[in-house]
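Quick notes on the structure that follows.
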Amino acid sequence: MLVRFWGTRGSLPVALRADAHLAKIAHALFVAGGRRFMDEASAVRFARSKLDFATAGTYGGATPCVEIEGGEEAFVVCDMGSGLREFGLSALRRCAEGHPRVYHFFLSHLHWDHIMGFPYFRPAYESGARIVIHSGHPDAEQALRRQQAEGAFPVPFDALKARIEFVTHPTGERFTAAGLRVMLIRQASTHGSFGYRFEQPGRAVVYSTDAEHSPEEMDKESEFEAFFDRADLVICDTMYSLGDNAGTLREDTGHSSNVVAVDLCHSAGAQRLALFHHEPRYSDLDIQRMHAETLHYEELVRGDRPRLEVICAYDGLEVEI
Amino acid sequence: MDWRLRNDGWRLVAAPAGRVDEDSWKDFSTQLTGAVREAVAASIPLVVDLSGLEYMTSKGLRALTMAKNEAHGAITISLAAPNEAMRRILTISRYNMLFPVVDHIDAVR
C-alpha cells in the first residue's frame, strides 16, 4: 500500500504569501553563508540536507484529500477537499497510461472543506468514468448536489458525465471495496463524522479526521483504540493543542489534538501516526514546531512501549506501508 | 497512582504520585473531583502538588479540564512543582495557559 497526501490543511485552503516566500529564501541564504554551488542539483542537495522543512518546503494549503494506492483496479480516495483537483489531474495522466477509470471515495463527513474539490474533479466530467462514493451519511448525495446548485456553482451536478453511485454504510461492519476490507467508526463532530480502517492481508491504514475526543467521552475511547489496533499508519486530525480545545470557542467544533492522537496510537499499538488537518492560520514554522512538540510528547509518555513513529503530513507526502 | 489530600485550613493540597495514564486516570479524576467539591465547599483554593508525579497523559490533562468545569470558577486550581517532563507536557498541551503553574506549593497564597 502507498498513501499519498493531496490535501492536509483543515477548514479552509490557504496559500503562502509573498512575504512568507521571501522569509524562506532569506533564511536559506543566511544558512548557506555565502556558499557557492556548482549547479542547481547541488543546491537542491544542500537544501534537502541542511535546511529544515519549514524553510526548504511547505506543508501546503489544500484541504483534505488522501489517496490510498493498493486497491484492485480502482483509485481509492479519502475525502474530496481542494486537494482533489490535483489528484484528478494525476489520475487522468495515469488513466491515459491504462489505469481503470474507477474511483472509490470514502467521505469522513460533509463539511465544505471535505467536499469542495468535487466540482473541480476533472474525471467527474468524463463519460466512461465510474465514481462510487462511500459514506456513513445518508445525505451525502444531497450535500454534493447542494454545492453545485444554481447560485453556488456554474455546472449543475446532473451535467457530470461520469456514472456516480452513492453507498451508505453502517458502522462496525466490514465490507469490501476496490479489493480492500473497509470498516467505519462513528466520530464526534457537528453532523457526525466517520473514520475508516482499510485493510489488506497484513496491512492496515486508518483515516480518522474531524473527530473530537472530549473529556466527558474518555470512557468510550477504547472503541477507537480497537479501531486503530496495530495499524501500520493512523492519519489523525491534530488541528489544535489540547488546551486550545478546552473551554474555548474551539470546543465542540469536532477536532482533536496531537497529544490525544499519540495516546490513542500508543494504546492501540499502532506503528505510525500522521499529523493531519492542519490549522489554516498556522505557518509552516508553527506546524513544524507542533510536529517537534509531538515527537517530544511521544517520548515523554512512551513508558515501556515501542516507539511510535510520528510524521507530519504535507501536500505531496507519500508513505509506503 | 497514589493520592494524598491535605487540608491546611486556608488551602487544600492534593498530591498525586506516580503516573496518570490510561490505567489510572479514572481514579485520578474521581479523587480530583472530590477534592474540587471539598475546596468549593470550604471556599479555599486547591493546589495540585505535582512533585511526586512522573508524568500525565492526555486523559489526566482532560481530568484537569473536568475538575475546572466542576469548580465553575468558584475556586482557583493551581498546579505546583511539576518535574521537567510534566512541565514540558503542560507546555506542549498549552495547559500552562489554562492553569496557574508555580514552582512550589507555597507559591500559592
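Chains as they are written, first to last, in numbering that gives the first Met the number 0: chain F, 0 to 320; chain B, 0 to 108.
We put the beta carbon where it would ideally sit given N, CA and C, even for glycine.
Can you tell which of F/58, F/24 and F/224 has the C-alpha that lies nearest to the C-alpha of residue 42 of chain F?
-> F/24
For a contact meaning CB atoms closer than 7 Å, what does residue 56 of chain B contact in chain F?
-> 262 and 300
Taking the Cβ atom as the reference point for each residue, do residue 131 of chain F and residue 154 of chain F lie within a distance shorter than 8 Å?
-> no
Within 7 Å: the Cβ of residue 86 of chain B and any heavy atom of the ligand SAH?
-> Judged by which ligands are present, the structure shown has none, so any question about the ligand SAH falls away.
Alpha carbon of residue 68 of chain F to alpha carbon of residue 198 of chain F, nearest angstrom = 12 Å
Terminal residues of the continuous alpha helix (DSSP H) containing residue 290 of chain F?
-> Going by DSSP, residue 290 of chain F is part of the alpha helix (DSSP H) stretching over 283-300.
Neighbour list for residue 222 of chain F in chain B, Cβ cutoff strictly below 7 Å | Those do not exist, as residue 222 of chain F stays about 14 Å from chain B at its closest Cβ, beyond 7 Å.
Segments of 3+ residues assigned as beta strand (DSSP E) that fall wholly inside the segment 111-194 of chain F = 129-134, 162-167, 174-176 and 179-186
Anticipated Cβ contact below 8 Å, residue 81 of chain B with residue 49 of chain B, distance rounded | 4 Å
Partners in chain B for residue 321 of chain F, counting only beta-carbon separations shorter than 7 Å | The requested residue 321 of chain F does not occur in the structure, where chain F is confined to residues 0 to 320.
Return no unless some Cβ of chain B is closer than 8 Å to the Cβ of residue 124 of chain F.
-> no
With 8 Å as the limit, tell me which residues of the segment 58-89 of chain B have their beta carbon closer than that to any beta carbon of chain F; keep them in chain order.
-> 58, 60, 61, 62, 64, 65, 67, 68, 84, 87 and 88
Return the chain-ordered list of same chain residues with a C-beta closer than 6 Å to the C-beta of residue 10 of chain F, the five sequence neighbours on each side being excluded.
-> 112 and 279
Which residues in the same chain have their Cβ closer than 8 Å to the Cβ of residue 16 of chain B, if we skip the five residues on either side of it in sequence?
-> 0, 1, 2, 3, 51 and 52
Exposed or buried, residue 20 of chain F, counting other C-beta atoms within 10 Å across all chains shown (16 or more means buried)?
-> exposed
Compute the Euclidean distance between the alpha carbons of residue 234 of chain F and residue 215 of chain F, then round it to the nearest angstrom.
-> 23 Å
Compare the beta carbon distance of residue 99 of chain F and residue 82 of chain F with 8 Å and say whether it is the shorter of the two.
-> no
Excluding the 5 residues preceding and the 5 following residue 362 of chain F in the sequence, name in chain order all residues of the same chain whose CB lies nearer than 6 Å to its CB.
-> This structure leaves residue 362 of chain F out entirely; chain F is present only between 0 and 320.
Leaving out the 5 sequence neighbours to the left and right, which residues in its chain are closer than 6 Å to residue 55 of chain F when beta-carbon positions are compared?
-> 46
Taking the alpha-carbon positions, what's the residue 96 of chain F to residue 237 of chain F distance?
-> 37 Å
Just the Cα atoms here: how many angstroms apart are residue 58 of chain B and residue 20 of chain B?
-> Cα to Cα, residue 58 of chain B sits roughly 7 Å from residue 20 of chain B.
For residue 139 of chain F versus residue 183 of chain F, is the C-beta spacing smaller than 8 Å?
-> The answer is no: Cβ separation not under 8 Å.
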